[in-house]
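To start, the structure itself, in C-alpha cells.
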Amino acid sequence: QTRSLLGVFEEDAAAISNYINQLFQAMHRIYDAQNELSAATHLTSKLLKEYEKQRFPLGGDDEVMTSTLQQFAKVIDELSSCHAVLSTQLADAMMFPITQFKERDLKEILTLKEVFQISSNDHDAAITRYSRLSKRKENEKIKAEVTEDVYTSRKKQHQTMMHYFCALNTLQYKKKISLLEPLLGYMQAQISFFKMGSENLTEQLEEFLSNIGTSVQNVRREMDCEVENMQQTIEDLEVASDPLYLPDPDPIKFPAHRNLTRKAGYLNTRNKTGLVSSSWERQFYFTQGGNLMSQARGDVAGGLVMDIDNCSVMAVDCEDRRYCFQITSFDGKKSSILQAESKKDYEEWICTINNISKQIYLSENPEEMAARVNQSALEAVTPSPSFQQRHESMRPAVQSRPPAARTSSTGSLGSDSAALSALSLDSLVAPDTPIQFDIISPVSEDLPGQAKSSGQSGRRTNPFGESGGSKPETEDSILHQLFIVRFLGSMEVKSDESPDVVYETMRQILAARAIHNVFRMTESHLLVTCDCLRLIDPQTQVTRLQFPLPNVVLYATHQENKRLFGFVLRASAGRVESRRTSICYIFESNNEGEKICDSVGLAKQIAFHAELDRKASEKQKEIDRVKEKQQKELNKQKQIEKDLEEQSRLIAASSRSNQSNTEGQFVVVSSSQSEDSDLGEDGKKKRESE
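Here UniProt numbering is used: the first residue of the sequence shown is 1, the next is one more, and so on.
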C-alpha cells in the first residue's frame, strides 16, 4: 500500500514538473523576447486556461484554484498588448519564484528519489546477506558485521524515506505558491509600470490581487505548520523506531503475539530450480480470511498462494537457513517452505496460521477467541487437584473389558460420553506424566518378543517390497501399506481398554505443544504390515521405530480432526515381565487417519487368521505325531509278542531235549550200580580210579 501510494505521489510530481516546465518556458519567453511579449503572454493565458484540463492525481478537482487561474488568464489576455518594457520587474517578480521552484524544489524531489532508490537497494542487499547467514557459531564476527549492515541500511532507508515523503507532501503547497506568486508579481509589475486601464478595472484587479495575496499567505502558513508537524513526527519516529531497525529484536523486550488471526510481512520463499537445487525469493505475504496471499513489487494486487483452512504448519530444518517453517494444505498435495526474518516473526507466523487453520477467524472476536482457546489449552495440560479429590470417592469400579481389536474412527463422541464421565482423568492418564515430543531410541530395546539383532534399528527398509541385497523380515507379509505421518508425541497411560485414552492423550499432547511452543514435528513413513508397524526415515530409508502388531492393543482417530490418530502399545516395564505398561503414540497424517486405522485393522485381521491357521497346522502336526507314536508303540508290541512266541518255541524244544538226555543217564547209572555191587570193594575202587 505504501509503495502504491508513493507511486501516485511520484506520478503527481512528474505531472507538476511537466506543467511547471511549460509555464516556466512561457514566462521566460516574456522575459527574453520583448518583441514577442504579446505572443508569450497569450501563450501563458492559454496554459492557464488549460489547467482545468490537467489530470493531477491529487489536485485535479481544486475548483477554487481552477477558477482563480481562469480569471488570471482572462486578465492577462486583455493586457497582452501592453507589456513592452518589463525586463527588470519581470526578472524580480515573475521569473525568480518559478525558477526557485523549478531549480530547487523539483530537483530536490528528483535527488531524494534517487537517494531513496539507492538506500532501498542497499537495504535489500543487506537483508539478502543477512538471510544467508549460517547457523554455525564460528561466524559470529560475520554475523555482527551483517547485522550492523542491516541496521545501518534500514536506518538510512527509513530516514531517507521520511524526508522524501515530507518533500512530496510539501510539494503540494509549493505547487500553489509557485503558480500564484509569479502571477501576482507579474500583475503588480503591469499595474506599477503602465498605470493604465479604467478605474473599474483597476479596482477589480486590486481587490482580486489582494484576495490572492491573502490566500497565498494563508497557504504558506499552512505549509509551514504542516512542515513543522512532519519534522516533529520524523523526530518522534526516529526515536521510537530505533530498536526496530535490528533484524532480530530481543524476544524478551518484544514478545511474540500468539493470538493473531491476521498477519502480514516480508518472507523468503524457496523455489525449486532443479532436482536438488533451489533459490530463495523475498516477497510480501499477508493473510486474507482463510487464504495465504503474496504480492511482488510492482503488482497491483496479491495472488493466492494456498488455502490454509485445516492446514498444518511446522518448523523445519532447511539447508543452512534459520527460522524456516513449512505449510502443508489439508489434502497434503501442496506445501510451501518459508523463512521469517526474526524469531518473533517466525513464532507469530506459525501461531497465526495455526489459529487460522482452526477457523477462529470466523468468530465475532477472533483474537479474544484465540486467547480463550490458548488459555483453555494451558488449563487442560494437568488436571486440577480439586477435580481429582472431588471424584476420588465417587470413582466407580471399572470392570475390565477385553482389548478392542478395532476402534471405529467414525463413532460419535456422545456414544461414549457416559463411560467417559464415569472415569476420572487420572484413571486414563496419570497426572504429571512426562510427554516425549521426539523420537529418541528404538522400541526394540524395551519390547518383548522383538529380536535384538545387530543393525535391526538401523537397517535400510524398502517400503515398496522390492528385493535388495538381503530379504527384509516383512517381505513375506501379505499387506504393505505406506503413509506419510508426523510424530506429535507419546506418553504412558494407565488404561488401554477405551478409545477415550487416545482422545485424552491427543488433547494433552496438543495442549502441551501449544503451551511450550513446540512446533517441530518429525516426518516419517509409516509402513503397515501383518507383523509390525514401522516408522521409516523418508530420506535414508532407515527404520526409526518398530512396533510389533500383537502389542498394538488399541487404535483410534480423532472424531473431528481426521488427520490425528493414535494407538496404544502394550509393553513390558523393564526386566520385570509380570509388570506391563501401556504407551500411547499420537501422529498427524495428511487427512488419512481413518485409512491408517482401517489398514491397521486389516493387518490385525490378517495376522489373526494367520495365527489361527498356524495353530490349526500345529494341532494337525501334533495329531500326526501322536498317531505316529501310537503306530510305533503298536509295532513294538507286535515285535515283543513275536519275540515271546519265538522264545516259547525255543524253550519247548530245549525242554524236550533235556528230558531225553535225562532218561539215558538214568539207564547208564543203573547198569553201573549193578556192576558195582558184583565187583565188591576192590572192584569199586578200581572203577572209581578208572
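No residue lacks a Cβ here, since even glycine has one placed at the ideal position from N, Cα and C.
Small disclaimer: the values here were computed from a predicted structure and weren't measured.
- Helix, strand or coil for I536, going by three-state DSSP, please let me know. For this step, residue 536 is matched to residue 536 along the sequence shown. Residue state, collapsed to three classes: strand.
- Message: Buried or exposed, going by whether 16 or more other CB atoms sit within 10 Å of the CB of Y186?
- Response: Mapped onto the sequence shown, residue 186 falls at position 186. Burial call: buried.
- Task: Please name the residue, chosen from H42, S617, A73, that lies closest to Y51 on a Cα-to-Cα basis.
- Result: Your numbering for residue 51 matches position 51 in the sequence shown. Of the listed residues, the one whose Cα sits closest to Y51 is A73.
- Taking R507 as part of the alpha helix (DSSP H), name the residues at either end of that continuous run. Within the sequence shown, the letter at position 507 stands for residue 507. Here the alpha helix (DSSP H) through R507 covers 500 to 515.
- Query: What are the residues that DSSP puts in a beta bridge with A556?
  - Reply: Working through the sequence shown from its first residue, we reach residue 556 at position 556. According to DSSP, A556 bridges with G566.
- From which residue to which residue does the alpha helix (DSSP H) around K175 run? As a working note, residue 175 is residue 175 in the sequence shown. 140 to 194 is the span of the alpha helix (DSSP H), which, as asked, contains K175.
- Between which two residues does the alpha helix (DSSP H) containing F96 stretch? The count along the sequence shown starts at 1 and reaches residue 96 at position 96. First-last of the alpha helix (DSSP H) with F96: 96 to 100.
- Please list, in chain order, all residues of the same chain as K175 whose beta carbon is under 7 Å from its beta carbon, the five residues on each side excluded. Counting from one through the sequence shown, the residue named residue 175 turns up at place 175. Same-chain partners within the cutoff: I16.
- Taking one C-beta from the segment 55 to 70 and one from the segment 127 to 146 each time, how about it: are there three or more such pairs within less than 8 Å? no
- Message: Using a Cβ-Cβ cutoff of less than 7 Å, which residues in the same chain neighbour N18 once the five nearest sequence positions on both sides are dropped?
- Response: As a position in the sequence shown, residue 18 is number 18, starting the count at 1. Excluding positions up to five away in sequence, the list is empty.
- Look at the alpha carbon of I20 and the alpha carbon of M27, and state the distance between them as a whole number of angstroms. Taking the sequence shown and counting its residues from 1, the one referred to as residue 20 is at position 20. Taking the sequence shown and counting its residues from 1, the one referred to as residue 27 is at position 27. About 10 Å.
- Between F101 and Y164, is the Cβ-Cβ spacing less than 8 Å? Within the sequence shown, the letter at position 101 stands for residue 101. Within the sequence shown, the letter at position 164 stands for residue 164. No, these two residues do not count as a Cβ contact at 8 Å.
- Task: Could you round the C-beta distance between L69 and I30 to whole angstroms and report it? I think they count as a contact, below 8 Å.
- Result: Here residue 69 corresponds to residue number 69 of the sequence shown, with the count starting at 1. Here residue 30 corresponds to residue number 30 of the sequence shown, with the count starting at 1. Actually they are not in contact, since the Cβ atoms of L69 and I30 sit about 17 Å apart, beyond 8 Å.
- Between which two residues does the beta strand (DSSP E) containing V493 stretch? Position 493 of the sequence shown, counted from the start, is the residue given in the question as residue 493. Taken as a continuous stretch (DSSP letters only), the beta strand (DSSP E) holding V493 covers 481 to 493.
- Would the C-beta of A603 count as close to the ligand ZN, meaning under 7 Å from any of its heavy atoms? In the structure on display, the ligand ZN does not appear, and there are no ligands present to speak of.
- Beta-ladder partner(s) of D307, from DSSP: Position 307 of the sequence shown, counted from the first residue, corresponds to residue 307. For D307, which the question treats as bridged, DSSP gives the partners N291.
- Query: Given a threshold of 16 other Cβ atoms within 10 Å of its Cβ, counted over all protein chains shown, does E11 qualify as buried or as exposed?
  - Reply: On the sequence shown, residue 11 is found 11 positions in, with the first residue counted as 1. Flag for E11 reads exposed.
- Item | Backbone CA spacing between L205 and C225 [nearest angstrom] | Walking along the sequence shown from the start, residue 205 turns up at place 205. Walking along the sequence shown from the start, residue 225 turns up at place 225. Computed Cα separation, rounded: 30 Å.
- Given a threshold of 16 other Cβ atoms within 10 Å of its Cβ, counted over all protein chains shown, does K263 qualify as buried or as exposed? Locating residue 263 in the sequence shown gives position 263, counting from the first residue. So K263 ends up on the buried side.
- Task: Give the DSSP bridge partners of W280, in chain order.
- Result: Mapped onto the sequence shown, residue 280 falls at position 280. R270.
- Who pairs with C530 in a beta bridge, going by DSSP? One-based indexing of the sequence shown puts residue 530 at position 530. Per DSSP, none; premise fails for C530.
- Given S490, which residues of its chain have a CB within under 6 Å of its CB, disregarding the five upstream and five downstream residues? Position 490 of the sequence shown holds residue 490. Only Q436, I583, Y585 meet the Cβ criterion.
- Expressed to the nearest angstrom, what Euclidean distance is found between the alpha-carbon atoms of K562 and F325? Your numbering for residue 562 matches position 562 in the sequence shown. Your numbering for residue 325 matches position 325 in the sequence shown. So the two alpha carbons sit approximately 23 Å from each other.
- Task: Any chance you could list the alpha helix (DSSP H) runs of at least 4 consecutive residues sitting entirely within the segment 323 to 381, in chain order?
- Result: 343 to 357, 366 to 379
- Candidates A512, R486, K494, Q508: closest to N591 by CA position: On the sequence shown, residue 591 is found 591 positions in, with the first residue counted as 1. Here the closest residue by C-alpha is R486.
- Message: Just verifying my parser: in three-state terms, what is the DSSP assignment at P548?
- Response: Residue numbering aside, residue 548 sits at position 548 when the sequence shown is read from its first letter. Of the three classes helix, strand and coil, the one that applies to P548 here is strand, per DSSP.
- Query: For D92, which residues from the same chain have a beta carbon less than 8 Å from its beta carbon, with the 5 sequence-adjacent residues on both sides left out?
  - Reply: Taking the sequence shown and counting its residues from 1, the one referred to as residue 92 is at position 92. These residues qualify, in order along the chain: G185.
- Please state whether DSSP places H525 in a helix, a strand or coil. Reading the sequence shown from its first residue, position 525 is the one you call residue 525. Correct three-state label for H525: strand.
- Leaving aside the five residues before and after M506 along the sequence, list all residues of the same chain whose C-beta is less than 7 Å from its C-beta, in chain order. Position 506 of the sequence shown, counted from the start, is the residue given in the question as residue 506. If we look at M506 and ignore the five residues flanking it on each side, its Cβ neighbours are H558, L564, G566, I586.
- Query: Under the three-state reduction of DSSP, which class applies to Q128: helix, strand or coil?
  - Reply: Within the sequence shown, the letter at position 128 stands for residue 128. A small correction: the amino acid at residue 128 is Thr; Gln does not occupy that position in the sequence shown. T128 falls in the helix class under three-state DSSP.
- Message: Please classify Q157 as buried or exposed, where buried requires at least 16 neighbouring CB atoms within 10 angstroms.
- Response: Within the sequence shown, numbered from 1, the residue matching residue 157 stands at position 157. Buried, because 16 or more other Cβ atoms sit within 10 Å of the Cβ of Q157.
- Neighbourhood of D122 by C-beta, 6 Å cutoff - its chain only, sequence neighbours within 5 removed: Working through the sequence shown from its first residue, we reach residue 122 at position 122. The residues are S153.
- Task: Return helix, strand or coil for V542, following the three-state DSSP convention.
- Result: Reading the sequence shown from its first residue, position 542 is the one you call residue 542. If DSSP states are grouped into helix, strand and coil, V542 belongs with the strands.
- Tell me, which residues are paired with T581 by DSSP? Translated into the one-based positions of the sequence shown, residue 581 becomes position 581. DSSP lists A571 as partners of T581.
- Message: Would P249 and E341 be called neighbours here (beta carbons separated by less than 8 Å)?
- Response: The residue you call residue 249 lines up with position 249 of the sequence shown. The residue you call residue 341 lines up with position 341 of the sequence shown. No.
- Task: Would you mind working out which of H516, V373, K155, A652 sits nearest E238, comparing C-alpha positions?
- Result: The count along the sequence shown starts at 1 and reaches residue 238 at position 238. Closest by alpha carbon: K155.
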